[in-house]
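Trainee: Protein chains in written order, with numbering that gives the first Met the number 0: chain Z, 0 to 186; chain P, 0 to 186; chain B, 0 to 186; chain H, 0 to 186.
In this text, a Cβ means the ideal position worked out from N, Cα and C, and glycines have one as well.
Could you have a look at this structure, given as structure tokens, before my questions?
4 protein chains.
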Amino acid sequence: MARPPKARVPLKQAALERFVEQGVHATGIRDIAKHAGCSEAALYRHWKNKDDLVVSLFTEHLGEVCAILDQAIASGEDLESKVHAASKACYKLYDEQPRVFRFILLVQHELSRTLPTDLRMPQDVVHDLAKEAIKRGEAKGEAMVLAAAVIGIFLETAVFVLYGRLPGPLSRYAVPVAEASLRVLRK
Amino acid sequence: MARPPKARVPLKQAALERFVEQGVHATGIRDIAKHAGCSEAALYRHWKNKDDLVVSLFTEHLGEVCAILDQAIASGEDLESKVHAASKACYKLYDEQPRVFRFILLVQHELSRTLPTDLRMPQDVVHDLAKEAIKRGEAKGEAMVLAAAVIGIFLETAVFVLYGRLPGPLSRYAVPVAEASLRVLRK
Amino acid sequence: MARPPKARVPLKQAALERFVEQGVHATGIRDIAKHAGCSEAALYRHWKNKDDLVVSLFTEHLGEVCAILDQAIASGEDLESKVHAASKACYKLYDEQPRVFRFILLVQHELSRTLPTDLRMPQDVVHDLAKEAIKRGEAKGEAMVLAAAVIGIFLETAVFVLYGRLPGPLSRYAVPVAEASLRVLRK
Amino acid sequence: MARPPKARVPLKQAALERFVEQGVHATGIRDIAKHAGCSEAALYRHWKNKDDLVVSLFTEHLGEVCAILDQAIASGEDLESKVHAASKACYKLYDEQPRVFRFILLVQHELSRTLPTDLRMPQDVVHDLAKEAIKRGEAKGEAMVLAAAVIGIFLETAVFVLYGRLPGPLSRYAVPVAEASLRVLRK
DNA sequence: AATGAATGAGATTTCATTCAT
DNA sequence: AATGAATGAAATCTCATTCAT
């Protein structure tokens, strides 16, 4: 019987847009509310405060990325197909929702202190992939070191596109990035 | 021969420490001044404003990194020795001044909009290295894509150490990181 | 014969509890409603607004105290028995519902401006008692001054118990307080 | 060499005045600042926040009262002269600075939770007086119970004057209040 | 009838910066 | 030359109350 919530989704969209456009700290509640077409106070019915909104956005979208990665990896038969599928899926997501990716980049280091330690992150997914590959003899080295390298190749290529060092769309680099990753993983 | 300003160095150290500890936006002038053991107004004798301090810290330290990279690369004969030297030098800097690295990580994305576009960055150094290597037949592929991958491997390994996914010191990974980079560059 | 409102009593209990626990101003409608197990809007069905609730709680409980005092005083034959009965009855109420007393203490000074001036208060009851006693030759002095002293002895002893300066229960002090009051009244 | 503080005293005076006039909660920082003739932010250089200001005002003035009481009590030879001196001194203070007394009344119960437990209060002073008197055979009973009664007589008489039940000035009641107290204290 | 989402107004507080001393 | 008090502007957040469902 209660009034159905109307502001939640617009607030999330507006927040993501403004955060990405101006930076998290530079974006005020007022700005978000105005873009969402509602009052500032409405935000506080759905999140405890601004920080809560930021963290909630971050974990939500990070969860999405993990799910996509998991699915892509599960779809492949061997290491090669898994890595190609993961790279393709992630970069497709990025091209479709570049804001999500930019947001994660923006806040990851700042949130690193406050995030719940048990939150599953893409790093964990890739680490698991590396461990499996090593066990099956498809890769060689220390799993965590390999994971770092693979994530790095993925991320930095995206950053280069993001900042215009490399021309987009990012999907164009899915294959070379997968190949570079495989070169690092294999032996 | 005016006597040298006394507060400049303490202010820079205090600022770096507080920025890294709490985030740039969360750190106020009061806080910095208190940690530097001087007054709030002293800051404005050395920098135009807080932003100026942040940007100046960033470019200064980034310049350091570039210089170290340039020197290391110049010291090597071929691609292999250049990459190994670069990796070693950078990670040594990190182990000696981990705050510098964390600071750069923290602010890079937030500053990306305001930085002067002609500022030479580590990405440029590595890009040049890749271009040279390709020209000399030591590497194969598109220089910018290779640069992204190499930087990514470097950075993310450091991040893994920073956040405790990999045990430090970072120097321990100089060789494997160089080798992974070479595997991506060569052929 | 409309069915009786369900939320009224829980709201009153919750309000009293939260007011006493946190202070009147520090307690919000949300808080009260949550503790009462109903919606925020429900409050407005029973009271015009928050102030109305506060004043209504205050006058209601003050009325109770007056009624108990009146009854006790009427039950006694002479000044001595009246005072003993009043003291006993009041302190019994306090021991049974300490929140009521604390609430009255908390808000009395804050409400002193807004209360209807014709509201009968315990002070009036005791004043009447003193006037009567003087008329009957059982007490001597100015009625209002005596009333102030008697109320003071009553109240402050309760406050001392409330804040742990004196060990409870308050009933234990009914006789000494009555005796002290009588010593002030008589002569 | 620094700018000397100019807003501290006006802020304290304005705060006391507005608190007493409107109640602590009903008085905003803006109101205080306006009456003090300075900006709202100035307050935060001298006190951590509004609560800090309230507590600091309270303890300061309570300390004054304790000092006056101590001095008055020390000036008397026996219980009788001590009580008369205390009553006279306190009520004189009240007549000269009624705001101070009203402020203490207003906030005492609300602050009771947050105050430092080791803060010396008038209650302690009177308790000590009662203990001494009992030891010297000048009074009889339990010291804390007597103290409660004496404080009560003092306070409530002042409250009656404050709210117009008794005509002022309060000093007029110094003698009767002292006499009533002595009747309670003495055997 | 009853909910709880939404709101406008206003609260407190923080900030980078300026300024009087 | 150097301080730290003062400030205007803006930030985040809370509040009692209303309103759509």
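From the DSSP output, in three-state form, read off Lys220 (chain Z) for me.
Mentor: It is not possible to answer for residue 220 (chain Z), since the shown part of chain Z is limited to 0 through 186.
Trainee: Where does the unbroken alpha helix (DSSP H) through Pro166 (chain B) begin, and where does it stop?
Mentor: Run containing Pro166 (chain B): none; DSSP gives neither H nor E here.
Trainee: With a threshold of 16 other CB atoms inside 10 Å of the CB of Ala157 (chain H), please say whether the residue is buried or exposed.
Mentor: Flag for Ala157 (chain H) reads buried.
Trainee: Answer with buried or exposed for Tyr172 (chain Z), where buried requires no fewer than 16 other C-beta atoms within 10 angstroms of its C-beta.
Mentor: buried
Trainee: Please classify Pro4 (chain Z) as buried or exposed, where buried requires at least 16 neighbouring CB atoms within 10 angstroms.
Mentor: exposed
Trainee: Might you give, ordered along the chain, the residues of its own chain that have their beta carbon closer than 7 Å to the beta carbon of Met0 (chain P), omitting 5 neighbours on each side?
Mentor: Caution applies to Met0 (chain P), whose pLDDT of 42 falls short of 50 and renders its modelled position unreliable; the value that the coordinates give is listed next. For Met0 (chain P), there are no CB contacts under 7 Å within the same chain when 5 residues up- and downstream are skipped.
Trainee: In angstroms with no decimal places, state the Cα-to-Cα distance between Ala73 (chain P) and Val174 (chain Z).
Mentor: Straight-line measurement puts the Cα of Val174 (chain Z) at about 32 Å from the Cα of Ala73 (chain P).
Trainee: What residues in its chain sit with their C-beta under 7 Å from that of Ala17 (chain P), if we drop five residues either side in the sequence?
Mentor: The amino acid at residue 17 (chain P) is misidentified as Ala; the sequence shows Arg. Here the set comprises Thr26, Asp30, Ile31, His34.
Trainee: Quick one, are the C-beta atoms of Val99 (chain Z) and His60 (chain Z) less than 7 Å apart?
Mentor: yes
Trainee: Specify whether the stretch 130 to 150 of chain P and the stretch 47 to 64 of chain P touch according to this definition: at least 3 beta carbon pairs, one from each stretch, less than 8 Å apart.
Mentor: no
Trainee: Helix or strand or just coil, what does DSSP make of His126 (chain Z)?
Mentor: helix
Trainee: Report buried or exposed for Gln70 (chain P), applying the criterion of at least 16 other Cβ atoms within 10 angstroms of its Cβ.
Mentor: It counts as exposed.
Trainee: Span of the alpha helix (DSSP H) holding Gln21 (chain Z)?
Mentor: 7 to 21
Trainee: Taking only runs of the beta strand (DSSP E) that begin and end inside the stretch 36 to 101 of chain H, which ones reach a length of at least 3 residues, in chain order?
Mentor: none
Trainee: Find out if the Cβ-Cβ distance for the pair Ile103 (chain P), Glu155 (chain Z) is shorter than 7 Å.
Mentor: no
Trainee: So, with DSSP's three-state summary, where would you put Tyr172 (chain P)?
Mentor: Tyr172 (chain P) falls in the helix class under three-state DSSP.
Trainee: Indicate whether at least one CB of chain Z lies closer than 7 Å to the CB of His24 (chain P).
Mentor: Look at His24 (chain P): its C-beta is under 7 Å from a C-beta on chain Z.
Trainee: Hey, quick one: how far does the alpha helix (DSSP H) through Glu141 (chain P) stretch, first residue to last?
Mentor: Unbroken run through Glu141 (chain P): none, as it is neither H nor E.
Trainee: Is Arg44 (chain P) buried or exposed, if buried means 16 or more other CB atoms sit within 10 Å of its CB?
Mentor: exposed
Trainee: Nearest-angstrom Cα distance between Gln96 (chain P) and Val176 (chain P)?
Mentor: 19 Å
Trainee: Kindly list the residues whose CB is nearer than 6 Å to the CB of Ser180 (chain B), restricted to its own chain and excluding five residues on each side of it in sequence; keep chain order.
Mentor: Contacts found: Val82, Val149, Ile152.
Trainee: Compare the Cα-Cα distances from Arg245 (chain H) to each of P:Ala6, P:Leu118, P:Ala40, P:Leu68 and report the closest residue.
Mentor: Residue numbering for chain H in the displayed model covers 0 to 186; residue 245 (chain H) lies beyond these limits and cannot be assessed.
Trainee: In chain H, which residues lie with their C-beta within 7 Å of the C-beta of Phe159 (chain B)?
Mentor: Met143, Ala147
Trainee: Count the other CB atoms, across all protein chains shown, that sit within 10 Å of the CB of Ser86 (chain H); report buried if there are 16 or more and exposed otherwise.
Mentor: buried
Trainee: Of all the residues that make up the stretch 87 to 113 of chain P, which are near chain Z by a beta-carbon distance shorter than 7 Å?
Mentor: Leu104, Leu105, His108, Glu109, Ser111
Trainee: State yes or no: is the C-beta of Arg182 (chain P) within less than 7 Å of the C-beta of Val183 (chain Z)?
Mentor: yes
Trainee: Does Ala179 (chain B) have its Cβ less than 7 Å from a Cβ in chain H?
Mentor: yes
Trainee: For the ligand MN, any of its heavy atoms closer than 6 Å to the Cβ of Leu42 (chain H)?
Mentor: The ligand MN is absent from the structure shown, which contains no ligands of any kind.
Trainee: Return the chain-ordered list of same chain residues with a C-beta closer than 6 Å to the C-beta of Cys37 (chain Z), the five sequence neighbours on each side being excluded.
Mentor: Here the set comprises Ala6.
Trainee: Say whether chain P places a C-beta atom closer than 7 Å to the C-beta of Gly151 (chain Z).
Mentor: yes
Trainee: How would you label Tyr93 (chain B), buried or exposed, when you count the other beta carbons within 10 angstroms and need 16 or more for buried?
Mentor: buried
Trainee: Are the C-beta atoms of Leu154 (chain P) and some chain Z residue less than 7 Å apart?
Mentor: yes
Trainee: What does a CB cutoff of less than 6 Å around Pro168 (chain P) pick up in its chain, not counting 5 residues either side in sequence?
Mentor: Asp94
Trainee: Any Cβ of chain B within less than 7 Å of the Cβ of Leu165 (chain H)?
Mentor: yes
Trainee: Does Val183 (chain B) come within less than 7 Å of chain H when only Cβ atoms are used?
Mentor: At a cut-off of 7 Å between beta carbons, Val183 (chain B) contacts chain H.
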